[in-house]
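Trainee: Anchor point for the sequence shown: position 153 equals 167 in my numbering, and the numbering is continuous, going up by one each time. All C-beta atoms, glycine included, are put in the ideal place defined by N, C-alpha and C. I'd like to ask some things about the structure below.
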Amino acid sequence: MYGPPVDLSFKDICHVTGALSEAPRSGLRPITANSEGKYLSRCLRLNNNSISDVVGLQHVLDHFLAQPSKLGWLDLSFNKITNIDPVLCELRELRVLYLHGNHLWNLSEVDKLRELQHLHTITLHGNAMGNNRNYRYHVVLALPQLKKMDFNAITREERVLANACPQ
15 MYGPPVDLSF
25 KDICHVTGAL
35 SEAPRSGLRP
45 ITANSEGKYL
55 SRCLRLNNNS
65 ISDVVGLQHV
75 LDHFLAQPSK
85 LGWLDLSFNK
95 ITNIDPVLCE
105 LRELRVLYLH
115 GNHLWNLSEV
125 DKLRELQHLH
135 TITLHGNAMG
145 NNRNYRYHVV
155 LALPQLKKMD
165 FNAITREERV
175 LANACPQ
């Protein structure tokens with residue numbers, strides 16, 4: 015059984031590995047740890063910090079989570095991330111990824127996430143890439159397994175239009 019997210023938001027973390035010296039925030043539901051002190055959770059919140067890249071993320075997951083390979087939800091929103099690091103593509107069980115409010119500008123960065131076959135929800139609004147007129151169509155086409163983007167369902171019509179849209 016999995017518990018609530020490991021919440022490392024609003025900790026003024028500049029590098030992902032800075033999370034190693036922080037204690038998770040307590041929420042309404044207590045987070046449970048195993049005998050090794052690792053949390054029984056599939057969710058990690060690193061939002062609202064000053065993180066510019068996710069180098070060392072796997073080390074952070076190994077440190078905090080009892081089953082790091084089972085990470086299903088990752089919130090990196092409202093940071094300073096400029097590109098999608100390959101370490102995100104190694105999170106094979108990832109289903110939800112929040113990247114809104116960062117500094118992502120190159121739309122082709124999204125293409126790197128194709129390997130995440132279970133990814134069904136992503137947020138990217140509030141990034142410079144969102145200024146591209148084909149932004150939503152590009153993401154829908156690049157990640158055909160998505161069900162929701164930027165907190166909105168992806169419709170059948172959008173998929174048809176994405177396939178017809180010149181890239």
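Measure from the alpha carbon of Trp119 to the alpha carbon of each residue in Glu171, Asn141, Asn63 and Tyr16, then state which is nearest.
Mentor: Residue 119 sits at position 105 when you count from the first residue of the sequence shown. Trp119 has its Cα closest to that of Asn141, out of Glu171, Asn141, Asn63 and Tyr16.
Trainee: Excluding five sequence neighbours on each side, which residues of the same chain lie with their C-beta closer than 6 Å to the C-beta of Glu36?
Mentor: Taking the sequence shown and counting its residues from 1, the one referred to as residue 36 is at position 22. Within the same chain, Glu36 has close Cβ partners Leu22 and Lys25.
Trainee: Assuming Leu79 is part of the beta strand (DSSP E), what are its boundary residues?
Mentor: What you label residue 79 is simply residue 65 of the sequence shown in a count that begins at 1. From DSSP, Leu79 is part of no beta strand (DSSP E); its letter is neither H nor E.
Trainee: In the DSSP assignment, find the alpha helix (DSSP H) that holds Cys103 and state where it starts and stops.
Mentor: Looking up residue 103 in the sequence shown gives position 89. Segment Pro100 to Cys103, the alpha helix (DSSP H) holding Cys103.
Trainee: Which one of Thr137, Leu90, Lys162 and Gly51 has the shortest CA to CA distance from Asn63?
Mentor: What you label residue 63 is simply residue 49 of the sequence shown in a count that begins at 1. Closest by alpha carbon: Leu90.
Trainee: For Leu155, which option in Lys84, Arg173 and Leu121 has the closest C-alpha, if you only look at C-alpha atoms?
Mentor: One-based indexing of the sequence shown puts residue 155 at position 141. Considering only alpha carbons, the answer is Arg173.
Trainee: Could you give the DSSP three-state label for Tyr149: helix, strand or coil?
Mentor: Counting from 1 along the sequence shown, the entry for residue 149 is found at position 135. Three-state DSSP puts Tyr149 in a helix.
Trainee: In this structure, does DSSP put Ala33 in helix, strand or coil?
Mentor: Translated into the one-based positions of the sequence shown, residue 33 becomes position 19. Reduced to three states, the DSSP call for Ala33 is helix.
Trainee: Spatial neighbours of Gly17 within its chain, please: CB distance less than 6 Å, with the 5 preceding and 5 following residues excluded, ordered by chain position.
Mentor: Along the sequence shown, one-based indexing puts residue 17 at 3. Here the set comprises Ile45, Thr46, Leu54 and Ser55.
Trainee: Report yes if the CB atom of Thr31 is closer than 9 Å to the CB atom of Val101, and no otherwise.
Mentor: For the purposes of this step, residue 31 is taken as residue 17 along the sequence shown, with counting starting at 1. For the purposes of this step, residue 101 is taken as residue 87 along the sequence shown, with counting starting at 1. Taking 9 Å as the Cβ cut-off, Thr31 and Val101 do not qualify as a contacting pair.
Trainee: Rounded C-beta distance between Leu127 and Ile98? I'm assuming under 8 Å.
Mentor: For the purposes of this step, residue 127 is taken as residue 113 along the sequence shown, with counting starting at 1. For the purposes of this step, residue 98 is taken as residue 84 along the sequence shown, with counting starting at 1. 6 Å between Cβ atoms; contact.
Trainee: Of the choices Thr137, Asn177 and Cys103, whose alpha-carbon is the least far from that of Asn148?
Mentor: In the sequence shown, the residue the question calls residue 148 occupies position 134. Nearest C-alpha to Asn148: Asn177.
Trainee: If contacts are defined as beta-carbon pairs under 8 Å, then Ile136 and Leu121 qualify, I think. What distance do you get, rounded to the angstrom?
Mentor: Your numbering for residue 136 matches position 122 in the sequence shown. Your numbering for residue 121 matches position 107 in the sequence shown. Not confirmed; about 13 Å, so no contact.
Trainee: Flag this pair as yes or no: are the beta carbons of Leu138 and Leu108 separated by less than 9 Å?
Mentor: Here residue 138 refers to the residue found at position 124 of the sequence shown. Here residue 108 refers to the residue found at position 94 of the sequence shown. No, they are not a contact pair.
Trainee: So who's on the other strand from Cys57, going by DSSP bridges?
Mentor: Here the question's residue 57 lines up with position 43 in the sequence shown. Bridge partners of Cys57: Trp87.
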